[in-house]
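Chains as they are written, first to last, in the numbering used here: chain E, 97 to 467; chain V, 31 to 304.
Scroll down for the structure; my scribbles are underneath it.
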Amino acid sequence: MSGGPATGHAVIDKSEIETLIQGLWKSGYTVVGPTIAQSAIVIDEIKSAADLPIGWTDLQEGGSYRLKKRDDQAYFGYAVGPHSWKKYLFPARLTLYTIKKNAAELEIIAPDPAPRYAFLGVRGCDLRAIEVQDRTFLQGAYVDPHYKARREQALVIAVNCAQAASTCFCTSMGTGPRARGGYDLALTEFADRFLVEVGSERGQGVLASLASRPAVQADLVLADNQARATAESMTRTLDVSDMPGLFYENLDHPRWDQVAERCLSCTNCTMVCPTCFCHSVDDVPDLAGETSQRVRVWDSCFNPEFSHVAGGNTRPQIRERYRQWLTHKLASWVDQFGVSGCVGCGRCITWCPVGIDLTEETAAIRGRLEA
Amino acid sequence: MIQPLPIIAEPSKPRKPRPRLGVFKFASCDGCQLSLLDCEDQLLDVAEKVEIAFFREATRRPLEGTFDVALVEGSISNSEQEAAIRDVRARSRFLVCLGACASHGGIQALRNQSKSEELIRIVYADPSTIELLDQSHPASAYVPVDLELPGCPINKDQLIEVLAWTLAGARPMIHRHALCLECKRRGLVCVLVARGEPCLGPATSTGCGAICMSYDRPCFGCYGPAEKPNASALAARLAELGAAPDAIRRLFQTFYATAPDFQKASRIHDGTRV
Chain E
97 MSGGPATGHA VIDKSEIETL IQGLWKSGYT VVGPTIAQSA IVIDEIKSAA
147 DLPIGWTDLQ EGGSYRLKKR DDQAYFGYAV GPHSWKKYLF PARLTLYTIK
197 KNAAELEIIA PDPAPRYAFL GVRGCDLRAI EVQDRTFLQG AYVDPHYKAR
247 REQALVIAVN CAQAASTCFC TSMGTGPRAR GGYDLALTEF ADRFLVEVGS
297 ERGQGVLASL ASRPAVQADL VLADNQARAT AESMTRTLDV SDMPGLFYEN
347 LDHPRWDQVA ERCLSCTNCT MVCPTCFCHS VDDVPDLAGE TSQRVRVWDS
397 CFNPEFSHVA GGNTRPQIRE RYRQWLTHKL ASWVDQFGVS GCVGCGRCIT
447 WCPVGIDLTE ETAAIRGRLE A
Chain V
31 MIQPLPIIAE PSKPRKPRPR LGVFKFASCD GCQLSLLDCE DQLLDVAEKV
81 EIAFFREATR RPLEGTFDVA LVEGSISNSE QEAAIRDVRA RSRFLVCLGA
131 CASHGGIQAL RNQSKSEELI RIVYADPSTI ELLDQSHPAS AYVPVDLELP
181 GCPINKDQLI EVLAWTLAGA RPMIHRHALC LECKRRGLVC VLVARGEPCL
231 GPATSTGCGA ICMSYDRPCF GCYGPAEKPN ASALAARLAE LGAAPDAIRR
281 LFQTFYATAP DFQKASRIHD GTRV
């Protein structure tokens with residue numbers, strides 16, 4: 097990055113974020129990004145820069161999340177919150193179609209067209225998470241049209257992380273802290289300005305609508321230093337050098353029983369995970385028997401009902417459900433999709449009510465293997 | 031002379047017979063029955079689709095004949111009710127228990143842990159008028175039950191769903207997963223993780239639609255245990271977060287005091303020095 101001319105880069109003043117947000121709305125995008133709600137930095141619709149969590153950060157550890165005032169006015173001075181972008185690409189509750197009983201036939205009514213989203217503030221780990229879900233929903237013989245419609249239209253504006261939470265381990269997963277492609281624009285935040293990197297023609301078009309000036313070499317050096325400092329500040333690691341074999345060879349490890357004593361099987365880890373894609377389909381008939389909606393909802397391998405089959409449950413114990421989740425996430429995902437299902441965002445650690453940490457569980461299982 | 035208007039008008043034109051619905055009350059507060067009246071606009075659809083043949087909160091019709099669907103509210107608390115629930119079962123094809131009382135004995139099942147005579151003496155000036163079974167029992171202690179809807183009170187949307195599915199000839203699907211799943215689907219922020227509040231959501235059944243959390247309040251378990259919860263591990267976590275043993279005991283011992291998972295969780299501090 098350093099040494100060459102600063103092509104594909106520009107610098108904008110902080111006030112241009114407001115121009116950006118207003119311009120995107122005017123262009124027909126629904127702008128979603130970070131904002132404070134219910135004691136956390138969530139992702140929701142952003143009407144103006146004033147909705148951003150300016151001057152706030154998050155303190156995270158296993159089973160705990162707290163907001164904290166910063167000493168500065170950083171726009172993106174936090175790590176990741178409970179929401180991820182799957183909230184929009186793979187909505188938690190989506191009506192796939194409505195069936196209406198007419199005199200002679202059943203009428204199938206398609207859902208409303210997918211909204212056109214602009215994502216503001218996508219982190220490196222979450223860019224990878226979107227790429228991982230692309231493999232689930234867009235590859236192979238059965239492409240999900242609902243995901244595809246949202247994904248193709250979405251404009252992605254990334255933000256490079258200037259700090260890591262104690263739960264972050266993106267450096268172990270090779271996904272951050274710096275955005276590595278998959279974005280239209282990427283922002284690096286400095287005290288008084290943003291460095292903008294262009295990742296696509298569409299991003300170039302958006303940049304052209306802002307008041308920008310050329311970036312100089314010093315800006316790029318500053319961005320490199322920031323990324324290096326963030327990476328060096330990361331305290332958590334996950335060794336995935338021996339996946340998928342490690343878990344396949346340890347299906348009867350006693351650690352699964354130990355974690356099952358603490359695990360609530362409450363589904364929180366899978367809900368906050370930006371790559372978990374399990375879902376169920378419910379039929380919701382009306383009382384009159386005239387119409388019925390077919391609704392897709394997020395589901396979870398930790399929900400006992402999810403593994404109910406004729407004759408019983410394939411994973412009746414919490415031990416089996418936790419083992420299924422972690423083995424899929426870190427091991428069999430690689431076999432299935434050619435990439436790890438974990439991006440190192442740490443959400444499952446923070447939002448586990450009892451603070452179960454997959455990096456610790458993996459290390460414990462490896463410890464036995466090495467003994 | 032002015033005739034009293036029935037609350038639910040009988041249709042004037044002749045029509046084919048509709049399924050007969052009966053609503054029955056035992057030891058309870060009437061809140062679950064009121065969920066049916068609370069359906070408002072949809073209540074008219076209900077009255078259109080079924081014949082409300084017995085429902086003391088809404089009509090003066092006497093108890094007679096058989097029922098396609100019986101909605102049962104309340105626990106069995108005295109011998110008269112014991113005979114009555116057997117009678118309802120004998121008259122009904124599909125018996126649905128509404129809420130914590132009918133399915134688990136309800137809040138009044140808190141007396142199951144004490145001697146009833148002592149409690150009666152404390153509460154009533156003249157205990158001789160009170161006839162009581164030793165414990166507050168669910169309907170299922172006396173008769174086979176086809177479906178139990180959780181909640182204190184039930185969710186009217188779940189009730190409508192049960193009626194819609196039953197009328198369509200299908201078995202209703204009542205989910206019993208952890209409330210957290212519903213909370214996260216709604217995008218609500220975890221009050222336990224983000225504020226350290228003692229929330230029972232991880233061990234409590236879905237069904238309410240995560241109402242309390244949408245008002246920034248923790249769950250107090252009024253829908254009872256989820257399917258196979260790890261309630262004891264949750265109780266241990268609440269203790270770590272600073273909840274007093276007595277507060278934890280009361281949390282798990284209010285609406286579903288007789289549920290074994292909640293009983294076990296309420297006793298995690300028994301016999302230990304705190």
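Backbone N, C-alpha and C fix where the C-beta goes; we use that ideal spot for every residue, glycine too.
On a predicted model such as this, the values are computed, not experimentally measured, just so you know.
The alpha-carbon separation between C359 of chain E and P275 of chain V amounts to approximately 21 angstroms. Counting other Cβ atoms within 10 Å of its Cβ, S144 of chain V stays below 16 and is therefore classed as exposed.
In its chain, beyond the 5 residues on either side, P49, K79 and V80 have a beta carbon closer than 8 angstroms to the beta carbon of L197 of chain V. G119 of chain E sits in a helix when the DSSP states are folded into three classes. In the three-state reduction of the DSSP assignment, S235 of chain V falls in the strand class. Among the residues of chain V, those whose CB is under 7 angstroms from the CB of A136 of chain E are V219 and A224, following chain order. In its chain, beyond the 5 residues on either side, P157, I160 and L162 have a beta carbon closer than 8 angstroms to the beta carbon of I150 of chain V. The beta carbon of S170 of chain V is closer than 8 angstroms to those of C127, S133 and E178 in its chain, skipping five residues each way along the sequence. Nothing from the stretch 119 to 147 of chain V brings a Cβ to less than 9 angstroms from some Cβ of chain E. Proximity of D353 of chain E to chain V, defined by a Cβ-Cβ separation below 9 angstroms, is not satisfied. The stretch 201 to 210 of chain E makes contact with the stretch 244 to 254 of chain E, as at least three CB pairs between them are under 8 angstroms. Residue contact check for P232 of chain V against chain E: a CB pair falls below 9 angstroms.
Excluding residues up to 5 positions away in sequence, T271 and V439 lie with their Cβ nearer than 6 angstroms to the Cβ of R224 of chain E in the same chain.
The criterion of a C-beta distance shorter than 9 angstroms is not satisfied by A277 of chain V and R162 of chain E. Residue environment: S166 of chain V is assigned as buried (16 or more neighbouring CB atoms within 10 Å of its CB, all protein chains considered). P350 of chain E and G434 of chain E have their C-alpha atoms spaced approximately 29 angstroms apart. When DSSP assignments are scanned along the stretch 204 to 291 of chain E, the uninterrupted stretches of alpha helix (DSSP H) that are 4 or more residues long and fall wholly within it turn out to be 220 to 234, 241 to 249 and 266 to 269. Where R166 of chain E is concerned, there is no enclosing alpha helix (DSSP H), because DSSP gives it neither an H nor an E. By DSSP's assignment, S107 of chain V forms no beta bridge with any residue. The Cβ neighbour count for N260 of chain V, taken over all protein chains shown within 10 Å, is at least 16; the residue is labelled buried.
Between the C-alpha atoms of A323 of chain E and F215 of chain E there is a straight-line separation of about 21 angstroms. Contact with chain E is absent for H299 of chain V, since none of that chain's Cβ atoms lies less than 9 angstroms from the residue's Cβ. Between the C-alpha atoms of Y193 of chain E and V380 of chain E there is a straight-line separation of about 11 angstroms. Against E81 of chain V, chain E offers no close residue; the least beta-carbon distance is about 15 angstroms (beta-carbon pairs closer than 7 angstroms). Counting only residues of its own chain and dropping the five nearest sequence neighbours on each side, G177 of chain E has a CB closer than 6 angstroms to the CB of A136, I137 and V138.
Comparing alpha carbon positions, the residue from E:T371, E:A250, E:L190 and E:L454 closest to R231 of chain E is E:T371. Taking C-alpha positions only, A237 of chain E is separated from M203 of chain V by approximately 31 angstroms. Close to V76 of chain V, with beta-carbon spacing below 9 angstroms, are these residues of chain E in chain order: L383.
Annotated as proximal: P273 of chain E and T326 of chain E, with beta-carbon spacing under 9 angstroms. Two segments are said to touch when three or more pairs of C-beta atoms, one from each, lie closer than 8 angstroms; by this definition the stretch 382 to 390 of chain E does not touch the stretch 246 to 253 of chain V. Around R358 of chain E, the beta-carbon contacts reaching into chain V at under 9 angstroms are N260, A263, A266 and R267. Short of 6 angstroms from the beta carbon of P174 of chain V, and not among the five residues preceding or following it, lies no beta carbon of its own chain. For G301 of chain E, the enclosing alpha helix (DSSP H) has its first and last residue at E297 to A304. Counting only runs of at least 3 residues, the stretch 378 to 465 of chain E fully encloses the following beta strand (DSSP E) elements, listed from N- to C-terminal order: 387 to 394.
Here V118 of chain V carries a helix assignment [DSSP, helix/strand/coil].
CA-to-CA, the gap between T331 of chain E and S180 of chain E works out to about 22 angstroms.
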